[in-house]
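Comments concern the structure below.
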Amino acid sequence: MRTMNTEKLLKTIPIIQNQMDVLLDFNVNANELTNGVINAAFMLLFKDAIRLFAAYNEGIINLLEKYFDMKKVQCKEALDIYKKFLTRMTRISEFLKVAEQVGIDRGDIPDLSQFTVAPSSLLDTLEQHLASLEGKKVKDSTAASRASTLSNAVSSLANTGISFTRADEREKQAALDEEQSRLQALKEQRLKELHKNPAAATTDSSTVFEEGGTINSAPTIDLFTTPSSKNRQGPIISS
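Read left to right, the sequence shown gives residues 1 to 239 (full-length UniProt numbering).
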């Protein structure tokens, strides 16, 4: 997402936004997570939300970095995407609060505390830039001021992205550790079985040997050689 060009970025982010909407439409509160099935579904959604929002956040950072170099039509589309991002940021924050209330470890929940001020303060700057491209009268702002606002917003979003990425990495590591534990348990169980029944370790297809080390074999029958003439007797004719 951080390396996409403008055209591809403007097509991809709305797709991720739609996926986030479907995920967040689960819309459950902590009091409703008493059913085992619903609770399990929420845990799966929580894991997906972490990964999906991390990608979403990366796309928004890329979008903001390209915004002031976009054409007017692209700026209008990008501004709409950013406004929708702010709305979804509020929804994901509420979603994570539910995750904390149902007992998910706080270390596994991304920290959104640094988001609240900087990205929202960027909205005015983005709107003024679009208005200037449309020929509207806007208040003067220096390039340095605009760059500072953008830098603060990107820094804030980058920290948010790091928080989501770390949570995802911890989830992956936990899954790997669990799988390793299962494999180790299976290995130990198999070793115990072999220790109790050593004969199970041998194969049934081993060759049978006679005493003295010679292979027990039966005489073979040649089915292809033509019998010799001395072994073949013709009909006996009596005179």
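Every residue gets a Cβ at the ideal spot worked out from N, C-alpha and C, and that includes glycine.
Predicted model only: the values in this text are computed from it and were never measured.
In the three-state scheme derived from DSSP, where H, G and I count as helix and E and B as strand, residue 104 is classed as coil. Nearest neighbour of residue 42 by Cα position, chosen from 2, 95 and 153, turns out to be 95. Distance from the CA of residue 72 to the CA of residue 134, rounded to the nearest whole angstrom, comes to 7 Å. In this structure, the beta-carbon distance from residue 123 to residue 62 does not fall below 8 Å. Taking the Cα positions, residue 51 is about 23 Å away from residue 36.
Taking each of 54, 130, 160 and 40 in turn and checking the Cα distance to residue 103, the smallest one comes out for 40. Of the residues 152, 89 and 138, the one whose Cα lies closest to the Cα of residue 144 is 152. Judged by their CB atoms, residue 137 and residue 128 are not nearer to each other than the 8 Å cut-off. In this structure, DSSP gives residue 65 a helical state, which the three-state scheme calls helix. Rounded to the nearest angstrom, the Cβ distance from residue 125 to residue 106 is 34 Å, too far for a contact under 8 Å.
With fewer than 16 neighbouring CB atoms inside 10 Å of its own CB, residue 31 falls in the exposed class. Here residue 25 carries a coil assignment [DSSP, helix/strand/coil].
For residue 149, same chain residues with a beta-carbon under 7 Å away, outside a window of 5 residues either side, are 121, 122 and 125 in chain order. Straight across, the Cα-Cα distance linking residue 93 with residue 189 is about 45 Å. Under the three-state reduction of DSSP, residue 59 is assigned to helix. Residue nearest to residue 75 within the set 159, 185 and 6 is 6 (criterion: CA-CA distance).
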